[in-house]
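Here the structure comes first, spelled out in structure tokens, and everything after it is commentary.
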Amino acid sequence: MKIVLSGGGTAGHVHPALAIAEALLASAESCEITFIGRRGGKENAPMKSVATNLYEIEIYGIKRSLSPKNLKSLFCAVRARGEAKRILKAVKPDIVLGTGGYVCWPVLSAAASLGIPTLIHESNASAGLATKAIYKKCDKVLINYPETEKQLKGAKEIITVGNPLRRDFYSVNRQSARRALGLCERDVFILSFGGSLGAEAINTAATELLKSYSSKAPRIKHIHATGRANYSDNLHGEYSRERNGCRILPYIDNMPTLLHAADIVICRAGAVTLSEISAVGAVAILIPSPNVTDNHQYKNAKILSDSGAAIIIEEKDLTCGLLLEKVKLLSENPEDRKKLSKCIEKFAKRDSTDKILKIIKIFAK
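Using the numbering used here, count along the sequence shown one by one with no gaps and you end on 1518.
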């Protein structure tokens, strides 16, 4: 089987493609995987280990406000469709699957025009611009949240499958993760991050949080990831030397271990992140990004919050004092953490990747 995967703009749109690719390669059937991402996209890097072919096309996101840059983006999108069409004619795939983000629109549009079977996966509660622009041309639309279906009227077929996650998330458990990090049973381990690119508001609040409790609470251990662009060697040195158990990193490359080990997670509310924390039953304080299309992160988080599965702090309300209040409440009340953990586990869809593989294999025949 030959399959083309496409997605990007952020790592959150590539991680599902990576999970699907790894699962396809692990299955018994022979599979040739081609990935099409955006030109110069750092998020494409993990796909190099699983893709037989990796192509990059020039495309840019649409600004939400009126901007002359949108004219360039639209021009590039049309040109990217032509690029994608040439790639697809050369590769001759049996099926094309888009995992979201503006990169997949020209690829799916080109595939549909060539009569190649097409699937799109929408991970967010609120469908993204690319999904809204292309879903009617796709043979099947795969969604994470059942709530998304009502936004996609006129789709040929919609299937709720959840978000595909890498198998790493199921090969680790809490005990082995905490042991690997040298954590004692009494330690309260806090993990905070703002996504692959970082988040200034979370960085500011988290670093202030480190200062406020680390010297007074020796059982508190905290790792914060700033995002590579926001990382400071001086800041890292300050925390590694003076505040035992509190560390600042540029990026997290062992997320399954850290999430399994964490007592409290402070993070954005991207769909993949929420699927990951649901899979491990993490106790989460969610700070949705306000800088996303259709406020979709808040809508993702609200689904969990309304079910008692997570705590939301909107970025406009975020202060170190408020964050400290929530952390203190959770760190001092293990029973509350257990309740939140049990609630969020109900949102875990551990068979998502297998469901998607089954659909791909049947559809590609």
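Don't be surprised by glycine CBs; every beta carbon is placed ideally from N, CA and C.
What would DSSP say about residue i, mapped onto helix, strand or coil?
i: residue 1345; result: strand
i: residue 1277; result: coil
i: residue 1395; result: The predicted model places residue 1395 with a pLDDT of 43, which falls under 50 and marks its position as unreliable, so this point remains unresolved.
i: residue 1407; result: coil
i: residue 1337; result: coil
i: residue 1387; result: Because the pLDDT of residue 1387 is 48, which lies under 50, any placement of that residue in the model is unreliable, and the number read from its coordinates should be weighed accordingly. Helix, per DSSP.
i: residue 1458; result: helix
i: residue 1439; result: strand
i: residue 1185; result: strand
i: residue 1400; result: strand
i: residue 1503; result: coil
i: residue 1291; result: coil
i: residue 1525; result: Only positions 1154 to 1518 of the chain appear in this structure, which leaves residue 1525 out of reach.
Write down the C-beta distance between residue i and residue j rounded to the nearest angstrom, noting that I regard them as a contact closer than 8 Å.
i: residue 1374; j: residue 1340; result: 5 Å
i: residue 1493; j: residue 1436; result: 5 Å
i: residue 1271; j: residue 1264; result: 5 Å
i: residue 1327; j: residue 1432; result: The pair is not a contact, with the Cβ atoms about 12 Å apart (cut-off 8 Å).
i: residue 1203; j: residue 1186; result: 6 Å
i: residue 1246; j: residue 1156; result: 6 Å
i: residue 1484; j: residue 1430; result: At roughly 17 Å, the Cβ-Cβ gap does not stay under 8 Å, so residue 1484 and residue 1430 are not in contact.
i: residue 1441; j: residue 1467; result: 7 Å
If you measure between the beta carbons of residue i and residue j, is that distance less than 9 Å?
i: residue 1196; j: residue 1251; result: no
i: residue 1457; j: residue 1411; result: no
i: residue 1180; j: residue 1510; result: yes
i: residue 1506; j: residue 1295; result: no
i: residue 1276; j: residue 1480; result: no
i: residue 1314; j: residue 1452; result: no
i: residue 1342; j: residue 1377; result: no
i: residue 1482; j: residue 1358; result: no
Residue i to residue j, Cα distance in whole Å?
i: residue 1290; j: residue 1205; result: 27 Å
i: residue 1230; j: residue 1284; result: 14 Å
i: residue 1255; j: residue 1212; result: 8 Å
i: residue 1244; j: residue 1182; result: 19 Å
i: residue 1489; j: residue 1518; result: 49 Å
i: residue 1249; j: residue 1460; result: 35 Å
i: residue 1214; j: residue 1168; result: 19 Å
i: residue 1380; j: residue 1154; result: 37 Å
i: residue 1233; j: residue 1288; result: 18 Å
i: residue 1260; j: residue 1320; result: 27 Å
i: residue 1498; j: residue 1300; result: 18 Å
i: residue 1473; j: residue 1464; result: 15 Å
i: residue 1348; j: residue 1455; result: 19 Å
Between the options, which lies nearest to residue i when the distance is taken from Cα to Cα?
i: residue 1352; options: 1420, 1177, 1364 and 1337; result: 1420
i: residue 1292; options: 1269, 1278 and 1313; result: 1269
i: residue 1282; options: 1449, 1502 and 1455; result: 1449
i: residue 1496; options: 1462, 1359 and 1483; result: 1462
i: residue 1258; options: 1166, 1445, 1471 and 1222; result: 1166
i: residue 1403; options: 1184, 1330, 1356 and 1242; result: 1356
I want to see whether chain D comes within less than 9 Å of residue i, judged by CB atoms only; does it?
i: residue 1413; result: The structure shown contains no chain D; it is built from a single protein chain.
Any heavy atom of the ligand FMN closer than 8 Å to the CB of residue i?
i: residue 1502; result: Only the bare structure without any ligand can be found here, which leaves the ligand FMN out of the picture.
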